[in-house]
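Each residue of the sequence shown is one higher than the one before, starting from 4 at the first, in the working numbering. Below is one structure, written out as structure tokens, with a few remarks after it.
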Amino acid sequence: MTRRRTYGRSSPLLSALLVALAASSVACGASAREPMMPSAAMASPASPPAPASPSVEAAPGGAMAPSAPMAGQPAPAQAPSPHAPGATKANAAAPAPDASSKKGKEAPQADGRAASLVVYTGQLAMLTENGKMPESIDAIIDVAESLGGGLMGRRDDGVDIRVPSAQFRAALKGIEKVAPVTARSVKADDVTEQVHDLEVRLSNLKATQKRLQDFLSRAQNVNEALTVGRELERVAQEIDVIEGRVGFLRNRASFSQISVALREKPKEQPLVVVTPPPPPPKVIPPSEVPNLPVPWLERLGVDPVLSIPKP
4 MTRRRTYGRS
14 SPLLSALLVA
24 LAASSVACGA
34 SAREPMMPSA
44 AMASPASPPA
54 PASPSVEAAP
64 GGAMAPSAPM
74 AGQPAPAQAP
84 SPHAPGATKA
94 NAAAPAPDAS
104 SKKGKEAPQA
114 DGRAASLVVY
124 TGQLAMLTEN
134 GKMPESIDAI
144 IDVAESLGGG
154 LMGRRDDGVD
164 IRVPSAQFRA
174 ALKGIEKVAP
184 VTARSVKADD
194 VTEQVHDLEV
204 RLSNLKATQK
214 RLQDFLSRAQ
224 NVNEALTVGR
234 ELERVAQEID
244 VIEGRVGFLR
254 NRASFSQISV
264 ALREKPKEQP
274 LVVVTPPPPP
284 PKVIPPSEVP
294 NLPVPWLERL
304 GVDPVLSIPK
314 P
């Protein structure tokens, strides 16, 4: 009974830790399932109505004077009179709000559309002149460097380059001027939603990390400190992994990769016509000559007799 009663107890700090972790995991799952919404739809709820202004009473001379404040309320601050000395200069010196700057600040919130993160990958097959393979590869590298990109890898029969995603089409057009293109393939992978889900999860994990640090500062014994410390280490590792993944996806979306395979044109061989020699004459061996009954036919042979035209 004593052992059951000892394990049945739970420290208030550990109970609060379990509740906070459960709420954080639920928030991570719910936020990951939510679709991306414009910032206008995610705006804060309407602010509560402003308190009613104090009632005014007619003052002598027709001017309206505010009534005395209610008990327990501070007296409202009175605006300086426009006829007071120095008031006109102060009002004139105060700059008027810039409508264009205010509109520029509110425009992204009204739009609410996040910038798309698209990873582009291109593959080209080209046919170069005979003996000009190195020159063509150098020309392709120059196109990438002129657009703010660079070399990723080089081979004897090809090259891999990377260019800013905003210059992807310009890079393709520049490469196509180097040599004729025989095959082309372009792939686009949108990672906007994936990055959004990771950032929401990262925000929730950082909030959990902050609560765990608060729990660790209020630990009452070694057991509580070890429990909170282990959970804090696990959350920190997840944060590092997600931050690395988000950085990797953003870097891939900012630069696009183009792989070019080159092949030289075959050499033109001169056309040579070979005439076969005439077949040798057919010679009948003496052993195959038939014995004819007429001597002169035997001396003449069978072939001359057969070649005599018919009358």
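Backbone N, C-alpha and C fix where the C-beta goes; we use that ideal spot for every residue, glycine too.
Check your understanding: Three-state secondary structure (DSSP) at aspartate 188?
Key -> At residue 188 the sequence reads serine, which differs from the aspartate that was named. In this structure, serine 188 counts as strand in the three-state DSSP scheme.
Review point. Among all the DSSP beta bridges, which residues are the ones paired with leucine 130?
Key: Paired residue(s): Arg266.
Practice item. Answer yes or no: do valine 231 and leucine 219 have a C-beta to C-beta separation smaller than 8 Å? Key: yes
Point to revise | Beta-carbon spacing of valine 121, aspartate 200 below 8 Å | key: no
Point to revise | For glutamine 260, the three-state DSSP class (helix, strand or coil) | key: For glutamine 260, the three-state secondary structure derived from DSSP is strand.
**Study point:** Backbone CA spacing between valine 249 and proline 183 [nearest angstrom]
**Key:** 38 Å
Exercise for review: Pick out whichever of Ala142, Gly151, Glu246 and Thr124 has its Cα sitting closest to the Cα of leucine 265.
Suggested key: Ala142
Point to revise | Best match in Pro284, Gln197, Asp160 and Leu229 for proximity to threonine 131 [C-alpha to C-alpha] | key: The shortest C-alpha separation from threonine 131 is found at Asp160.
Check your understanding: According to DSSP, is serine 154 helix, strand or coil?
Key -> Sequence inspection shows leucine at residue 154; the serine mentioned does not correspond to that position. Judged by DSSP in its simplified three-state form, leucine 154 adopts strand.
Exercise for review: Count the other C-beta atoms from every protein chain shown that fall within 10 angstroms of the C-beta of asparagine 207, then say buried if there are 16 or more, exposed otherwise.
Suggested key: buried
Review point. Grouping DSSP H, G and I as helix and E and B as strand, with all else coil, what is threonine 278?
Key: Residue state, collapsed to three classes: coil.
Check your understanding: Once you ignore the five residues that flank alanine 82 on each side, which residues in its own chain have a CB closer than 8 Å to its CB?
Key -> Residue placement at alanine 82 cannot be trusted, given a pLDDT of 45 that sits under 50; what the coordinates show is reported in the next sentence. Excluding residues within five positions, none has a Cβ falling inside 8 Å.
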